[in-house]
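Taken in order, these protein sequences are the chains called Y and C. Each residue of the first sequence is one higher than the one before, counting from 440 in this note's numbering. Each residue of the second sequence is one higher than the one before, counting from 3 in this note's numbering. We put the beta carbon where it would ideally sit given N, CA and C, even for glycine. Since this is a predicted model, take the numbers as computed values, not measurements. Below is one structure, written out as structure tokens; comments come after it.
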Amino acid sequence: MIHAEILGIGSYAPEAVMSNVDLEKIVETSDEWIQSRTGIVNRHISEGENTSDLSVKAALAALKDAGMEAEELDMILLATTSPDHLSPSTAALVQKKIGAKNAVAMDVSAGCTGFIYLLDLARNLIASGSYQKILVIGAEVLSKHIDWTDRNTCILFGDGAGAAIISKSERNGIQDTNIYTDGDMNDLIVIPTKSVKNPLGAIEAEYHALAMKGQDVFKFATKVVTKSLKEIMKAHELTNDDIRWVVPHQANKRIIDFAASKLKMDPEKFYMNLDEYGNTSAASIPLALSEMKQKGLLVKGDKILLVGFGAGLTWGTALIEW
Amino acid sequence: MIEKLKEILVEELDVEMEAVTLEAKFKEDLEADSLDMMQLVMEIEEEFEIEVETEELATILTVGDLVAYIEKKQA
């Protein structure tokens, strides 16, 4: 059995910060309202950098952390819901910008679960023997797709990127990954693109921004976070005490608090940084992991669970021994 | 059913048992926001084995409304 481990990790968020107080000037909302319903205080917002630009900075940080050159990579997988273009892939732009000339590059669309999807793909592609060093990136400039007059959504999201180098290894670092899709609820979170409009047919529909059925998402998210964490712990005969950290997708503190209470797990084990970044979709988990590493919170041998959930609907878990 | 429901409301909304009257309004009297209501919905679905449609939640304003809704669903 060929194993895979995380060899390096890095992240980047745009410098400009928008606080809840800044948003009070744009839409009818309040710092108290936003904090009590989401746990968000600030979010980093691009002043012009696109998703590939954020990705490159996170990728270079991950390569440096791993002590590797970009030429050593044989694959780049990038998860985003806000690509630079519909085509070519954002991963192809990153390949050029970092000089990873030996890597095949592609994007994956799996909403906020994107990074977990990539871990699953990378782990299995490495196990197959076909690839050895894969750069995985979760990156978003969701601010492009936000209706800044909609107070229900514009308060929630931020821009950012996180990257990791997944390498073939003797050590079983990424011990398990599980990913899921339920297309029945595909309309709960949508970022639309163009409608069909050509000489043969025209469906008149304006471009709309990101739309979300918040209450249904809350219900879905708390259910799958609880259920999928229970399942992965049971499969590996792990108890709450065996887990040092749970790194959840950073969507809403209320989702995590509710799931923690259902799992009877200490909420302090759930690493949260959404107060500073908001929901950065596919970027949130690697952004959190990178921050944890910088703070010295990740100790070799620690068992860490990752859990993501998002548009699709998609969800997934990973068990990592750091 | 009402007694069990009251227990759930006290637990989920962090309110005193005395505050949970049939006339009590979720938003104004029990200070429940939209996410509190969803937590409540999940507990109720599990306890009473019913499905609560999110769209119908908008019509449930008081504890009495919720009691009537559960009774209708269980019938």
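With 16 other Cβ atoms within 10 Å as the buried cut-off, status of residue i
i	result
residue 521/Y	buried
residue 487/Y	exposed
residue 675/Y	exposed
residue 77/C	exposed
residue 638/Y	exposed
residue 575/Y	buried
residue 14/C	buried
DSSP-derived helix/strand/coil call for residue i
i	result
residue 666/Y	helix
residue 700/Y	helix
residue 556/Y	helix
residue 472/Y	helix
residue 652/Y	coil
residue 737/Y	coil
residue 69/C	helix
residue 658/Y	helix
residue 41/C	helix
residue 62/C	coil
Beta carbon proximity, residue i to chain C, threshold 8 Å
i	result
residue 697/Y	yes
residue 654/Y	yes
residue 657/Y	yes
residue 661/Y	yes
residue 476/Y	yes
residue 610/Y	no
residue 693/Y	yes
Within-8 Å CB hit, residue i to chain Y
i	result
residue 31/C	no
residue 40/C	yes
residue 43/C	yes
residue 37/C	yes
residue 56/C	yes
Cβ distance (whole Å) where residue i is taken to contact residue j below 8 Å
i	j	result
residue 721/Y	residue 542/Y	About 19 Å separates the two Cβ atoms, so there is no contact after all.
residue 497/Y	residue 600/Y	4 Å
residue 483/Y	residue 597/Y	5 Å
residue 748/Y	residue 663/Y	5 Å
residue 756/Y	residue 745/Y	6 Å
Boundaries (first-last residue) of the alpha helix (DSSP H) holding residue i
i	result
residue 491/Y	490-505
residue 482/Y	That residue, residue 482/Y, is in no alpha helix (DSSP H); its beta strand (DSSP E) goes 481-483.
residue 478/Y	Run containing residue 478/Y: none; DSSP gives neither H nor E here.
residue 459/Y	459-463
residue 11/C	4-15
Residue i beta carbon near the ligand FMN (any heavy atom closer than 7 Å)
i	result
residue 588/Y	Ligands are entirely absent from the displayed structure, and the ligand FMN is therefore not among its contents.
N-terminal and C-terminal residue of the beta strand (DSSP E) that residue i is part of
i	result
residue 714/Y	Element bounds for residue 714/Y: not the beta strand (DSSP E) but the alpha helix (DSSP H), 713-716.
residue 772/Y	Nothing can be reported for residue 772/Y, as the shown portion of chain Y is limited to 440 through 761.
residue 508/Y	Where residue 508/Y is concerned, there is no enclosing beta strand (DSSP E), given that its DSSP letter is neither H nor E.
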